[in-house]
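First the structure, in the form of structure tokens, and then the observations on it.
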Amino acid sequence: METKFNVFEVLQIAEKIEHNGAKFYLKTAELFDDPERRDIFYKLAGWKAKHEKILAERKKRFSEKTGQFGTFDPDNYVLSNPDVMAGLAAFTSKPDSGRRMTGREGKNEILKDAIRRSKQAIVFYQGLKGFARDLAGKDTIEQIIKEENRHIRTLIEALEQE
26 METKFNVFEV LQIAEKIEHN GAKFYLKTAE LFDDPERRDI FYKLAGWKAK HEKILAERKK
86 RFSEKTGQFG TFDPDNYVLS NPDVMAGLAA FTSKPDSGRR MTGREGKNEI LKDAIRRSKQ
146 AIVFYQGLKG FARDLAGKDT IEQIIKEENR HIRTLIEALE QE
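At position 161 of the sequence shown (counting the first as 1) the number is 186 in my numbering, and the numbers step up by one without a gap.
Rendered as structure tokens:
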């Protein structure tokens, strides 16, 4: 059986990815004694938390407008548990996933890591488009990718100011 996600489920996955990202950045901030570098992680966590709220609101509006929600299929674990898909993205709930921060990285290294993670998220979303049930799901993913690209541009500008 082929797994396809509706818009609600796509937003649910994206919301969880943002939640995981905020959690990752908050935990990683604890590694840094330097307040300036720790603040970078708090700002990154704030971005993720803000985006998570935006996605949750978009998901709520979609459900109210269409009456569609997530699918529960006891025979399809992935479809019934969007957290599984979210766990495949650039952020997982563990701060040591991927390249581990030590607390000694400079601002440039921190920004480059954030750019790398955003790029990984884009790759994940591009792959997720193949699992979108319809054009609305694909359009939603495209909007999320555009937002990730905006984050990357902002991070690159901050990096160039260094």
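The C-beta atom is built at its ideal place from N, Cα and C for all residues, glycine as well.
On a predicted model such as this, the values are computed, not experimentally measured, just so you know.
Open item on the list: For L69, count the other beta carbons within 10 Å of its own beta carbon; 16 or more makes it buried, fewer makes it exposed. Which is it?
Closed with: buried
TODO: Would you identify the three-state DSSP class for F111, choosing helix, strand or coil?
DONE: Looking at the sequence provided, one finds Ala at residue 111 rather than Phe. Helix.
Open item on the list: Can you tell me whether F30 is helix, strand or coil according to DSSP?
Closed with: Correct three-state label for F30: strand.
Open item on the list: Per DSSP, what are the beta-bridge partners of A39 in this structure?
Closed with: Note: A39 sits in no beta bridge, so no partner.
TODO: Below 7 Å CB to CB, which residues in the same chain sit around D121 once its five sequence neighbours on both sides are set aside?
DONE: Reliability fails at D121, whose pLDDT of 45 lies under 50, so the model's placement of it is uncertain and the value that follows must be treated cautiously. Around D121: no qualifying Cβ.
- [ ] Tell me where the alpha helix (DSSP H) around D64 begins and ends.
- [x] 60-91
- [ ] With a floor of 3 residues, list each beta strand (DSSP E) that falls wholly inside the stretch 113-185, ordered by position along the chain.
- [x] none
- [ ] Take R125 as the anchor and find which of V32, A54, A39, N31 has the nearest alpha-carbon.
- [x] The shortest C-alpha separation from R125 is found at A54.
TODO: Run the CB neighbour count on E27, radius 10 Å, all protein chains shown included, and call it buried at 16 or more, exposed below.
DONE: exposed
- [ ] Rounded to whole angstroms, what's the CA-CA distance from K144 to E167? Just pull it up for me.
- [x] 14 Å
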